[in-house]
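If you use my numbering, the sequence shown corresponds to residues 908 to 1508, in order.
Cβ atoms here follow ideal geometry from the backbone N, Cα and C, with glycine treated the same way.
Values in this document were obtained by computation on a predicted structure and should not be read as measured data.
Reading through the C-alpha cells given below for one structure.
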Amino acid sequence: MPGRIVVLPEELTNKIAAGEVVERPASIVKELLENALDAGATDVTIELEKGGCGSTRITDNGEGIECEDVPLAFARYATSKIYQFDDIYRVSSFGFRGEALPSIASISRVEMVTRKRESVSGTRVIVEAGQVKEIAAAGCPVGTSVLVTRIFDSVPVRKKFLKAEMTEQGHCLDVITRAALSHPEVKMKVVTRGKEILNIPATQDVSLRVSLVIGADFMDHILPVKGTRDNISVSGFVCRPEFTRSSARHIYCYVNKRFIRDYLLNHAVMTAYRRLLAVRRYPAVVLFVDLPPGEVDVNVHPAKMEVRFRNPRDVYEVVVRVLAGALAGISPIAETPAAPVLSWGRGSQEGRRSGLEEALRRYTVSSGKGKLFFERAFADKKEEQVDAAMPEETAEEDFAFLTGISFADLEYVGQVAGTYLVFSAPEGLILVDQHAAHERILFEKFREKPSASGGEKAVGQRLLMPEVISLPPKDFSFLMESRQVLEEAGIEVEPFGKDTVVVKTVPAILPNVESKTVIMDLLGEFSETGHPLNLQDKKDKIFAFLACRGAVKANQRLSAPEVAKLCRDLDATPFSSTCPHGRPVYISFSFSDMERMFKRR
908 MPGRIVVLPE ELTNKIAAGE VVERPASIVK ELLENALDAG ATDVTIELEK
958 GGCGSTRITD NGEGIECEDV PLAFARYATS KIYQFDDIYR VSSFGFRGEA
1008 LPSIASISRV EMVTRKRESV SGTRVIVEAG QVKEIAAAGC PVGTSVLVTR
1058 IFDSVPVRKK FLKAEMTEQG HCLDVITRAA LSHPEVKMKV VTRGKEILNI
1108 PATQDVSLRV SLVIGADFMD HILPVKGTRD NISVSGFVCR PEFTRSSARH
1158 IYCYVNKRFI RDYLLNHAVM TAYRRLLAVR RYPAVVLFVD LPPGEVDVNV
1208 HPAKMEVRFR NPRDVYEVVV RVLAGALAGI SPIAETPAAP VLSWGRGSQE
1258 GRRSGLEEAL RRYTVSSGKG KLFFERAFAD KKEEQVDAAM PEETAEEDFA
1308 FLTGISFADL EYVGQVAGTY LVFSAPEGLI LVDQHAAHER ILFEKFREKP
1358 SASGGEKAVG QRLLMPEVIS LPPKDFSFLM ESRQVLEEAG IEVEPFGKDT
1408 VVVKTVPAIL PNVESKTVIM DLLGEFSETG HPLNLQDKKD KIFAFLACRG
1458 AVKANQRLSA PEVAKLCRDL DATPFSSTCP HGRPVYISFS FSDMERMFKR
1508 R
C-alpha cells in the first residue's frame, strides 16, 4: 500500500537534484570548467587527487564574482545568465540554470576563493552539505579557485558506485579534452599527485589545438571541412577513410561550442561515410555546428549534454553535404584537396532521404513529443512534420569535384603480382589495388541515376536463355521483396511457379557473371546479415556485392589501355579512396618516406 503524501525536506530534494547533475567527479570538472569559460578565463588549471574522487580544484583567471554575490552562487536557481523567460531562447553561455554549484555543494565540501579585477581583496567561502559555513575577505589573485573535497560523503550509496581511480581520472580527462577542442584560445593544465600530466598551450589555430589534444597521427590523415547554408554553419576536421577507429568515441560534435551527444549528428556523420568504412569501423571527426541560439534548445537535460534543434532536417542536410563533399574529392597525393563542388543526383538524394527519415524517427522518439520545445517563442508556428518532402535537386550530374592530382596524369610503371598497379607521381610512389578500384567504380555506377526526372535504372543485358531457379520459401520471398532494387541494378527476376523464379536479364556492366551463381551467392550473403535492413542499406549491400563479383580480380593481368581506362574511370568516381567495403583503393609513399626506409635521411 502506498504511504501518505509528504513534502520532502529541502536537504533531500537538493541531494536528489544533485544526482541529476553530478554523476561522478568528471561531472564536477565539467560544471566548474564551464563556469571558468563563461567567466572569460584564458588560463585554467585543473588539479585532481585520486582521479577526482579525493579532491578537485579548478583555478581560472576569469572575471571573478562580486563579494555580495558569492553566497547567492550557492543558492538553487541563482544565475547571472537569464533574467526573464525569453532569455532561455537567447542563451549562449554554458552554465545558466543555477544548479551546478548548489548541486556540487550538497554532496561535498566546497571552498571557493574569488576576486574581481577592480576589487582590492577577494572573498573566501566554505559550503558543506549545501550550507554556507564560513565567508570572509581574503587575499587572492584575480579570478576564481574552487576546491571540492569529501565528494559523496553525505551520500555513501553514490560513492560505492565510483570506479577505480584511473577510470575516474580518465573520465575527467575526457571532459577536459572536449572543452579544449572547442576553446583553443584557452590554456589548460592538468595536475595530479603533484605532477603535470597535461599542458595545452593557447592558440588561435584550431588545427593546432586538435593536433595537441587528439594527436599528430590524426592530423596526418585529416581533411578540413567548412560549409554554410542559411544560418547554419558547419566546420571542423574529418579523417580520411583509411584512418579509422574501433568505436564512435572519437566523433566529437559541438553545437555553439558546447560538446553534445546527439544521435542526429552522429547519424549524419556516418551517412557521409556510407560505404567508405569497413564493418564496425568508425571515423575520427571534430565537428562544429554553429547556429543562432534561438534555433537550438540547450535546456532539455540537467547536465546539458543533449540539445534539440528547431529544424533538425536542415542541420542533418548541411552536415551530410559538407562532409560528403570533402570525402568525395580525396586526392591520392595532395594532403588538402581543393574544396569540392558537390551536387547530388537522384540516387544519392534517395539514400539521404532514407537515412534522414530513420534519424528523425530516432530523434523524435528519444525526446518524445511531450518534450518538444520553443512552445513559448514559436507557439504560432505549426510543428514541422518529419515526413515533409525533401527539396528537389536541380543538378544534372551526380558529382563534380576538383582534386589535387588525377590517376590518369600519373606515370604507369607496371603491375605487381597481377594485382597492384604501380604509378610514379610528382611527390612519390602510388600503389593501386586494381580490384578495389574497379569495385568502387562499379558500385558508383550502380548507384548513379543518369536522369533525375526519368529515374532510369542500370542497363540490363537480356539472357538468350532465361535461367530458372528453384528456391527455398525464405529466399523466394526475399527476391520478390527485392525485385525493385534488383531491377535498378539491371537484374530482372520474375516468379515462375511456386518458389521458383526466372532470371531474364543481368547487368550489362557485368558481362562475365553467371546469373544463377550470382543469385544464389547473393541470397547466401543476405542470409548471414542477422538483422533487418532498411531500403538504402539493402540497395548498398546488393550493389556492393554485384560490384565485387564484377570487378577485375587479383592475379588478373591488365594491358596498358585497360589500366588507362581504369584510371579515367577512377578520376570520374567520387569516394575513390576506398572500396565499398572500406578497404583502401590506393596507398602512397612520399619520397621522404622512401628515403627514410632506405636510410638516406
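If we ignore side chains and look at the alpha-carbon of each, how far apart do Cys1455 and Asp1447 end up?
Locating residue 1455 in the sequence shown gives position 548, counting from the first residue. Locating residue 1447 in the sequence shown gives position 540, counting from the first residue. If I take the Cα positions, the gap works out to 12 Å.
Cα-Cα, which of Arg1147, Asn1218, Phe1350 and Leu1429 is closest to Pro1190?
Position 283 of the sequence shown, counted from the first residue, corresponds to residue 1190. Minimum Cα distance to Pro1190 is reached at Arg1147.
Applying the 10 Å Cβ sphere with the 16-neighbour rule, what's the burial state of Lys1066?
On the sequence shown, residue 1066 is found 159 positions in, with the first residue counted as 1. Classification for Lys1066: exposed.
With a threshold of 16 other CB atoms inside 10 Å of the CB of Ile912, please say whether the residue is buried or exposed.
In the sequence shown, the residue the question calls residue 912 occupies position 5. So Ile912 counts as exposed.
Would you mind sorting Asn1106 into buried or exposed? The rule is 16 or more other CB atoms within 10 Å of its CB.
Residue mapping note: residue 1106 aligns to position 199 of the sequence shown, counting from 1. Counting Cβ neighbours within 10 Å, Asn1106 comes out exposed, since fewer than 16 surround it.
Between the beta-carbon of Ile1042 and the beta-carbon of Pro1108, is there less than 8 Å?
Locating residue 1042 in the sequence shown gives position 135, where the first residue counts as 1. Locating residue 1108 in the sequence shown gives position 201, where the first residue counts as 1. Result no, Cβ atoms of Ile1042 and Pro1108 do not sit closer than 8 Å.
In terms of DSSP beta bridges, what is Glu1103 paired with?
For the purposes of this step, residue 1103 is taken as residue 196 along the sequence shown, with counting starting at 1. DSSP, once it has assigned bridges, lists Val1098 as partnering Glu1103.
Asp967, DSSP secondary structure in three states:
The sequence position of residue 967 within the sequence shown is 60, counting from 1. Residue state, collapsed to three classes: strand.
Inter-residue spacing [alpha-carbon to alpha-carbon] between Ala1461 and Val1470
Counting from 1 along the sequence shown, the entry for residue 1461 is found at position 554. Counting from 1 along the sequence shown, the entry for residue 1470 is found at position 563. Answer to the nearest angstrom: the Cα atoms are 14 Å apart.
Secondary structure at Phe1383, three-state DSSP: helix, strand or coil?
Taking the sequence shown and counting its residues from 1, the one referred to as residue 1383 is at position 476. Three-state DSSP puts Phe1383 in a helix.
Cβ separation of Ala948 and Asp967, assumed to be a contact under 8 Å, to the nearest whole Å
Your numbering for residue 948 matches position 41 in the sequence shown. Your numbering for residue 967 matches position 60 in the sequence shown. The pair is a contact, with the Cβ atoms about 4 Å apart (cut-off 8 Å).
Using alpha carbons as the reference points, say which of Leu1130, Pro1219 and Ser1140 lies closest to Ala1235.
The count along the sequence shown starts at 1 and reaches residue 1235 at position 328. Taking only the C-alpha atoms, the option nearest Ala1235 is Leu1130.
Measure the C-alpha to C-alpha separation of Asp1406 and Ile1416 and round it to an integer number of angstroms.
Residue mapping note: residue 1406 aligns to position 499 of the sequence shown, counting from 1. Residue mapping note: residue 1416 aligns to position 509 of the sequence shown, counting from 1. Rounded to whole angstroms, Asp1406 to Ile1416 spans 28 Å at the Cα level.
Is the Cβ-Cβ distance between Ser1010 and Val929 less than 8 Å?
Within the sequence shown, numbered from 1, the residue matching residue 1010 stands at position 103. Within the sequence shown, numbered from 1, the residue matching residue 929 stands at position 22. Against a cut-off of 8 Å, the Cβ pair of Val929 and Ser1010 comes out as a contact.
Could you check where the beta strand (DSSP E) with Tyr1327 kicks off and where it finishes?
Taking the sequence shown and counting its residues from 1, one reaches residue 1327 at position 420. Run containing Tyr1327: Tyr1327 to Ala1332, per the beta strand (DSSP E) assignment.
Same chain only: Cβ atoms within 8 Å of Ile1083, ignoring 5 sequence neighbours per side:
For this step, residue 1083 is matched to residue 176 along the sequence shown. The residues are Val936, Leu940, Ile953, Met1095, Val1097 and Leu1105.
If you scan the region 1065-1093 from start to end, which runs of the alpha helix (DSSP H) of 4 or more residues do you find wholly inside it?
1072-1089
Taking Glu1035 and Ser1484 to be in contact with their CB atoms under 8 Å, please state how far apart those CB atoms are, rounded to whole angstroms.
Counting from one through the sequence shown, the residue named residue 1035 turns up at place 128. Counting from one through the sequence shown, the residue named residue 1484 turns up at place 577. That pair is no contact at about 58 Å.
Sequence-distant residues of its chain with Cβ nearer than 6 Å to Arg964 (five each side left out):
Here residue 964 refers to the residue found at position 57 when the sequence shown is read from its first residue. The residues are Glu954 and Leu1054.
Less than 8 Å separating the beta-carbons of Pro1481 and Glu1351?
Numbered from 1 along the sequence shown, position 574 holds the residue referred to as residue 1481. Numbered from 1 along the sequence shown, position 444 holds the residue referred to as residue 1351. Yes, Cβ-Cβ distance for Pro1481 and Glu1351 is below 8 Å.
Look at Leu1194 and Tyr1223 and say whether their C-beta atoms are less than 8 Å apart.
As a position in the sequence shown, residue 1194 is number 287, starting the count at 1. As a position in the sequence shown, residue 1223 is number 316, starting the count at 1. Their beta carbons are not under 8 Å apart, which means Leu1194 does not touch Tyr1223 by this criterion.
Closest Cα partner of Phe1144 within the set Asp1221, Phe1125, Arg1136 and Gly1050
Residue 1144 sits at position 237 when you count from the first residue of the sequence shown. Ranking Asp1221, Phe1125, Arg1136 and Gly1050 by Cα distance to Phe1144 puts Phe1125 first.
Quick one: residues in its chain with C-beta nearer than 6 Å to the C-beta of Glu956, no 5 flanking neighbours on either side, listed in chain order?
For the purposes of this step, residue 956 is taken as the residue at position 49 of the sequence shown. Result list for Glu956: Ser962, in chain order.
State the beta-bridge partners of Val1203 as determined by DSSP.
One-based indexing of the sequence shown puts residue 1203 at position 296. Val1203 is bridged to Phe1216.
Distance check for Ala1185 and Ile972, CA to CA, integer angstroms please.
Your numbering for residue 972 matches position 65 in the sequence shown. Your numbering for residue 1185 matches position 278 in the sequence shown. Approximately 52 Å between the Cα atoms of the pair.
Between which two residues does the alpha helix (DSSP H) containing Ala1461 stretch?
Here residue 1461 corresponds to residue number 554 of the sequence shown, with the count starting at 1. Segment: none, Ala1461 is in no alpha helix (DSSP H) and carries neither H nor E.
Just to confirm the assignment, what range does the beta strand (DSSP E) spanning Lys1446 have?
Along the sequence shown, one-based indexing puts residue 1446 at 539. It is not in any beta strand (DSSP E) - Lys1446 instead sits in the alpha helix (DSSP H) that spans Leu1442 to Gly1457.
Return the CA-CA distance between Leu1336 and Gln1322, expressed in angstroms with no decimal places.
For the purposes of this step, residue 1336 is taken as residue 429 along the sequence shown, with counting starting at 1. For the purposes of this step, residue 1322 is taken as residue 415 along the sequence shown, with counting starting at 1. Distance between the alpha carbons of Leu1336 and Gln1322 is about 13 Å.
Residue burial classification, Phe1166 (beta-carbon count within 10 angstroms, cutoff 16)
By 1-based counting over the sequence shown, the position of residue 1166 is 259. Buried, by the Cβ-count rule.
Assign Tyr1180 to one of three DSSP states: helix, strand, or coil.
As a working note, residue 1180 is residue 273 in the sequence shown. Coil.
Strictly by DSSP, which residues pair up with Met1019?
For the purposes of this step, residue 1019 is identified with residue 112 of the sequence shown, where counting begins at 1. The partner list for Met1019 (beta bridge, DSSP) reads Val1032 and Val1053.
If the criterion is Cβ atoms closer than 8 Å, does the pair Val1409 and Glu1432 meet it?
For this step, residue 1409 is matched to residue 502 along the sequence shown. For this step, residue 1432 is matched to residue 525 along the sequence shown. In this structure, Glu1432 does not lie closer than 8 Å to Val1409 by Cβ.
Can you tell which of Ala1396, Leu1378 and Gly1029 has its C-alpha closest to the C-alpha of Glu1355?
Along the sequence shown, one-based indexing puts residue 1355 at 448. Closest by alpha carbon: Ala1396.
Enumerate in chain order the residues of its own chain whose CB-to-CB distance from Pro1491 is below 8 Å, with the five nearest sequence positions on each side excluded.
Your numbering for residue 1491 matches position 584 in the sequence shown. So the list reads Pro1148, Glu1149, Asp1340, Ala1343, Ser1484 and Thr1485, once near-sequence residues are dropped.
Within its chain, find whatever has a CB closer than 6 Å to the CB of Ser1142; leave out the 5 residues flanking it on each side and keep chain order.
Here the question's residue 1142 lines up with position 235 in the sequence shown. Around Ser1142: Lys1133 and Phe1195.
For Ala1451, count neighbouring Cβ atoms within 10 angstroms of its own Cβ and tell me buried if that reaches 16, exposed if not.
To locate residue 1451, count along the sequence shown from 1; it is residue 544. With 16 or more other Cβ atoms within 10 Å, it is buried.
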